[in-house]
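Novice: Please read through the structure below; I'll follow up with questions.
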Amino acid sequence: MATEQHPPRKRMRRWILALSGVLIVGLAVTAGGFVFAASQESHDSFCASCHTQPESTFFERSTAAQAVDLASYHTSQQTRCIDCHSGPGVVGRMRA
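Residues in the sequence shown are numbered consecutively from 0, following numbering that gives the first Met the number 0.
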């Protein structure tokens with residue numbers, strides 16, 4: 000009788016191992032995505048890539064040699080978009 004129950008236990012172990020592997024890979028991909036996004040959001044060009052007018056105009060002006068508006072002034076002070084346009088912690092970053 001013990002030998003009849005042994006194969007279902009083996010199958011159950013395989014399923015658990017497979018599910019664990021999928022879970023670990025999923026968590027790694029999710030964590031990698033957050034790390035990648037965090038590294039990209041420190042670049043104003045990344046933020047500007049999703050925006051249309053007027054934000055794209057502000058980004059284009061921010062590369063001007065002389066400060067002509069608030070966006071170009073912030074760039075001269077080395078302030079990034081994300082410094083002002085996100086909230087505290089992970090939730091604030093996700094909302095931005």
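Virtual Cβ for every residue (Gly too), placed ideally from N, Cα, C. Just so we're clear, the structure is a prediction, and the values are computed from it rather than from any experiment.
Taking the CB atoms as reference points, tell me whether Arg-94 and Gly-86 lie closer together than 7 angstroms.
Specialist: Yes. Within cutoff.
Novice: Go through the stretch 33-61 residue by residue and report every complete run of the alpha helix (DSSP H) that reaches 4 residues or more, in order.
Specialist: If we require 4 residues or more, the alpha helix (DSSP H) runs fully inside the stretch 33-61 come out as 43-47, 54-60.
Novice: How long is the line joining the alpha carbons of Met-0 and Lys-9, rounded to whole angstroms?
Specialist: Low confidence applies here, because Met-0 scores a pLDDT of 49, under 50, leaving its location unreliable; read the following figure in that light. In a straight line, the C-alpha of Met-0 is about 15 angstroms away from that of Lys-9.
Novice: Give me the residue from Val-90, Gly-91, His-84 with the minimum Cα distance to Cys-46.
Specialist: It is His-84 whose Cα lies nearest to the Cα of Cys-46.
Novice: From this set, Arg-79, Val-21, Phe-33, which residue's C-alpha is nearest Val-90's C-alpha?
Specialist: Residue Phe-33 is the option with its Cα nearest to Val-90.
Novice: Run the CB neighbour count on Phe-35, radius 10 Å, all protein chains shown included, and call it buried at 16 or more, exposed below.
Specialist: The residue in question, Phe-35, is exposed, as its Cβ has fewer than 16 Cβ neighbours within 10 Å.
Novice: What is the residue span of the alpha helix (DSSP H) that Arg-92 lies within?
Specialist: Counting along the chain, the alpha helix (DSSP H) containing Arg-92 begins and ends at 88-94.
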